[in-house]
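Undergrad: Handing you a structure now.
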Amino acid sequence: MNYTLKSDHNTAVLNKFYEFINATTEDNGMNAFWGDSKYFKHPEDDFLDVIKNAKNHKMTLLSINNIDDHRSLVKVAWIKNNNNFGNLYAVYNFIAFNNKNEIIFENVLDRNTKDFKTFNVNEIKYVIHQDHELNRKTARKMVTFNKKMALFFEEDIMKFTYLLSKDMKQFKEIRGFDFDSMMVDQNQIGGETFPADNLIFAGNDSEFYPHEVVHLYTYQHFHKIHKIVDEGLATYFGGSKGIKFEDHILKLKEHLNEKDLNVYEELFNKSEHYILDDTTSLWYTIGALLCDITLKKYGKEGLFNLMNSGKTNDELLLSLEKIFKIKKADLDGFIKSELKNY
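Printed below as a string of structure tokens:
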């Protein structure tokens, strides 16, 4: 481990770090270790998300380096050794702030966006990187889409902050990541929503990323939505990776014509992360297809029933059986039959 702090400061930071890690395993009082963030209610969420998803990787504290007299940058990696090869899951940075000999952790996002430009366009607060000039025409397009979603869900228009980055690599960097799988995706168009914070990260260098707006509404009003339906609805209304859902559907249709793939087995018994190419995934596209079929056959009421199916696979499958009057074993045939209509 690399140190540039004085030893007494190192010891204080290390002690607080280990105290925090122990608290996370107990799932108790984690937020008390972190200072306020202008963007996040829970500035520790990114860190905890990595801990949750990298259970098979060893957490390694790489360095503690001075920023100024009161702050140091703490760098952590998650690594797994496999057959003498290292498998890196993530490298993440956060700030340790010495406040009158009390160590408090800080999310780096506030610091990393201090030179970003801020604009308010109706209900949307745009925070954009320094090299981007606000395109008000595109921003108004986003305002219109936001109103469309409010009208569809019969709810008030939502206010949110939209952090505009060049690509996924940049929006991960400003959040503290040196490495994360999204940062090395071949297709760097992407987004991520923190709905509890009314916060969208857009990695497409544009004021318009409708997919993520849908998640704000589903989080607020559909607490039992399954992730396949949630991502499917966001793809249905807002596309994915910059591509409209109709084009994803056509790619899926072609893919299933070429490959012997059982949709039910792949989605529910194998890997939900099956991808067709660098822009289209089975999960998002099947979800969008199910939403479209439901709307066409049973209207908004049917769609809302699907969205309230429940978060588990069993609950979703039961809901599909009730809505479409099919058995789960017939889901693959049902999907392929419906695709003939596209």
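Start counting the sequence shown at 1; every next residue gets the next number (UniProt numbering). We put the CB at the ideal spot given by N, CA and C, even for glycine.
(1) Confirm, please, whether the CB-CB distance from M307 to F222 is below 8 Å.
(2) For the beta strand (DSSP E) holding K80, just list the boundary residues, first then last.
(3) Using CA atoms only, rank isn't needed, just tell me which of F201, T312, G35 is closest to residue 349.
(4) Should the segment 131-144 be regarded as contacting the segment 116-123, the criterion being three or more beta carbon pairs within less than 8 Å?
(5) Between which two residues does the beta strand (DSSP E) containing D178 stretch?
(6) Taking all protein chains shown into account, decide if T138 is buried (16 or more other Cβ within 10 angstroms of its Cβ) or exposed.
(7) Just to confirm, is the Cβ distance from K55 to F33 under 8 Å?
(8) Looking at the secondary structure, which residues open and close the alpha helix (DSSP H) in which K137 lies?
(9) Determine the burial state of H70: buried for a count of at least 16 other Cβ atoms within 10 Å of its Cβ, exposed for fewer.
(10) On the DSSP bridge list, what partners appear for N93?
(11) Is there contact here, the segment 275-293 with the segment 180-197, by at least three beta-carbon pairs under 8 Å?
(12) Does the distance from the CB of L109 to the CB of I64 come in under 8 Å?
(13) Between the beta-carbon of K336 and the beta-carbon of L250, is there less than 8 Å?
(14) Can you tell me whether I103 is buried or exposed? The criterion is at least 16 other CB atoms within 10 Å of its CB, across all chains shown.
(15) In the DSSP assignment, the alpha helix (DSSP H) including T235 goes from what residue to what residue?
(16) Can you tell me the Cα-Cα spacing of L317 and W78, whole angstroms?
TA: Answer, in terms of the structure:
(1) It is a contact, given that the beta carbons lie within the stated cut-off.
(2) Element bounds for K80: 71-82.
(3) Limits of the chain in this structure are 1 at one end and 342 at the other, which puts residue 349 out of reach.
(4) Counting Cβ pairs under 8 Å, three or more are found: they touch.
(5) Unbroken beta strand (DSSP E) run through D178: 177-179.
(6) Exposed is the label assigned to T138, since fewer than 16 other Cβ atoms lie within 10 Å of its Cβ.
(7) Between K55 and F33, the CB-CB gap reaches or exceeds 8 Å.
(8) Unbroken alpha helix (DSSP H) run through K137: 136-153.
(9) With fewer than 16 neighbouring CB atoms inside 10 Å of its own CB, H70 falls in the exposed class.
(10) DSSP, once it has assigned bridges, lists K75 as partnering N93.
(11) Contact holds: three or more Cβ-Cβ distances are below 8 Å.
(12) When the beta-carbon positions are compared, L109 and I64 stay at least 8 Å from each other.
(13) No, Cβ-Cβ distance for K336 and L250 is not below 8 Å.
(14) It counts as buried.
(15) Start and end: 227-238.
(16) Whole-angstrom Cα-Cα distance: 35 Å.
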